[in-house]
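Only one structure is covered here, and it is reproduced in the block below.
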Amino acid sequence: MAATVIDGKALAAECKARVAEEVKGLSGRPGLAVIIVGDDPASRTYVNSKRKDCAECGIYSEEYALPAETGQEGLLSVIQTLNGREDIDGILCQLPLPAGMGYDEEEVLLAIDPDKDVDGFHPVNVGRLSTGQKCFLPCTPAGVMEMLRAYGVDPEGKECVVIGRSNIVGKPMAMLLLAANGTVTVCHSRTPDLPAVCRRADILVSAVGRRGLVTADMVKEGAVVIDVAMNRDERGKLCGDVDYAAVAEKAAYITPVPGGVGPMTRAMLMVNTLEAARRHGK
Ligand code: NAP
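Numbering that gives the first Met the number 0 puts the sequence shown at residues 0 to 281.
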């Protein structure tokens with residue numbers, strides 16, 4: 000039987016509409032500052048869409064497009080100024096920073112006030128997440144959890160397999176599934192028999208960035224398959240890690256690429272910015 004398609008685009012629209020409604024009830028307008036260093040075209044696209052999302056949700060947005068030559072000190076000084084501004088509730092610095100220019104991403108993430116860290120990448124928020132405290136959740140895994148919730152998929156007691164162990168997706172994804180009482184296995188490039196581990200999964204999340212990695216023979220009948228990846232096929236079309244057509248024949252639920260996790264990631268940034276504004280007493 001063909002899988003139910005998890006419609007990330009529709010869920011994201013609902014989620015942003017909810018944020019817009021709640022923003023109307025605040026005592027002050029939430030503010031998001033987005034810093035982009037250099038002229039990476041993919042980063043530019045992401046920043047433009049964040050601005051559009053903010054406008055849709057009634058969130059004030061401010062963009063700092065800094066030249067690649069700005070340097071670490073200049074970048075840190077922008078962050079310090081934003082940390083001190085009451086009208087700015089959330090700060091994010093678009094990664095990656097330009098290579099070979101002496102930027103230290105770790106130091107940049109550390110410089111952002113943890114209570115304005117709407118990306119959830121600051122080690123304080125990472126620590127809070129892993130110890131079960133209230134924190135800003137990284138947007139991509141938070142979006143995945145929201146999708147599971149919306150489609151009535153409860154990870155409790157389920158075998159959950161996450162492929163990928165990055166700080167921004169794989170690891171926080173595993174932490175969130177664990178917090179939701181899943182039995183979680185994290186796979187990576189050194190996992191010897193990836194197909195065998197994946198076949199155990201009731202919930203399979205792939206966050207690698209390799210087209211065609213997850214084939215139908217790696218998926219258990221009736222599994223929930225979440226494709227986080229954003230790759231390009233030979234014609235330049237956006238695609239994920241999962242062999243979508245074949246896997247959709249076996250899975251119970253599947254996310255498409257595009258129109259799956261991507262839009263939810265964007266929506267969760269709006270949710271986090273709303274939450275930051277609330278924490279700042281708005
Ligand atoms: P990343 O930092 O490059 O991490 C990729 C992970 O995949 C690593 O842990 C790596 O293992 C693992 N890996 C690589 N080859 C593998 C293989 N053959 N078998 C098993 N594991 C393998 O990437 P990321 O930042 O987490 O992003 C992952 C994907 O998600 C990318 O396609 C990215 O574009 C996409 N993404 C999408 C969104 C969204 O909103 N939809 C947001 C963020 C990222 P090692 O640790 O051993 O190297």
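Positions of the beta carbon are idealized from the N, C-alpha and C atoms, including for glycine.
Would you mind reading off the limits of the alpha helix (DSSP H) that contains residue i?
i: Ile-78; result: 70-82
i: Thr-243; result: Note that residue 243 corresponds to Tyr in the displayed sequence, not to Thr. Unbroken alpha helix (DSSP H) run through Tyr-243: 243-247.
i: Thr-44; result: 40-56
i: Gly-126; result: 122-129
i: Pro-171; result: 169-178
Does DSSP put residue i in a helix, a strand or coil?
i: Leu-212; result: coil
i: Ala-200; result: coil
i: Cys-138; result: helix
i: Gly-221; result: coil
i: Glu-106; result: helix
i: Val-22; result: helix
i: Glu-145; result: helix
i: Ala-206; result: coil
i: Arg-189; result: coil
i: Asp-240; result: coil
i: Asp-114; result: helix
i: Arg-234; result: coil
Would residue i and residue j qualify as a contact pair, given that the criterion is a beta-carbon distance under 8 angstroms?
i: Met-172; j: Val-161; result: yes
i: Val-256; j: Ala-228; result: yes
i: Val-77; j: Leu-65; result: yes
i: Lys-15; j: Glu-55; result: yes
i: Leu-96; j: Val-36; result: yes
i: Ala-32; j: Tyr-63; result: yes
i: Met-174; j: Ser-129; result: yes
i: Asp-88; j: Ala-276; result: yes
i: Asp-226; j: Val-185; result: no
i: Ala-247; j: Ala-2; result: yes
i: Gly-221; j: Ala-251; result: yes
i: Met-217; j: Gly-7; result: no
i: Asn-230; j: Arg-198; result: no
i: Gln-71; j: Gly-101; result: yes
i: Thr-264; j: Ile-5; result: no
i: Thr-272; j: Pro-122; result: no
i: Asp-240; j: Val-213; result: yes
i: Pro-137; j: Asp-118; result: yes
i: Leu-268; j: Asp-52; result: yes
Within a Cβ cutoff of 6 angstroms, which residues of the same chain sit near residue i, ignoring the five residues on either side of it in sequence?
i: Asp-116; result: Asn-124 and Phe-135
i: Thr-182; result: Glu-158
i: Glu-274; result: none
i: Gly-27; result: Lys-281
i: Ala-179; result: Pro-154
i: Ala-19; result: Cys-56 and Gly-57
i: Ala-110; result: Leu-75 and Ile-78
i: His-279; result: Asp-88
i: Pro-262; result: Gly-7, Lys-8 and Ala-11
i: Lys-49; result: Val-33
i: Cys-238; result: Arg-210, Asn-230, Asp-232 and Val-256
Kindly indicate the opening and closing residues of the beta strand (DSSP E) around residue i.
i: Thr-272; result: Where Thr-272 is concerned, there is no enclosing beta strand (DSSP E), although the alpha helix (DSSP H) it sits in stretches over 260-278.
i: Ser-60; result: 59-65
i: Ala-32; result: 30-36
i: Val-160; result: 158-162
i: Gly-89; result: 89-92
Can you list, in chain order, the residues of its chain whose CB lies under 7 angstroms from that of residue i, leaving out five sequence neighbours each side?
i: Ser-42; result: Ile-35 and Gln-93
i: Thr-69; result: Val-36
i: Gly-131; result: Ala-178
i: Gly-156; result: Asn-180
i: Leu-81; result: Ala-32, Ile-87 and Ile-90
i: Thr-190; result: Val-196
Can you name, in chain order, every residue of its own chain whose Cβ lies under 8 angstroms from the Cβ of residue i, other than the five neighbours on each side?
i: His-187; result: Ile-162, Gly-163, Arg-164 and Gly-169
i: Asp-286; result: This structure leaves residue 286 out entirely; the chain is present only between 0 and 281.
i: Glu-106; result: Gln-71 and Leu-75
i: Glu-21; result: Leu-273
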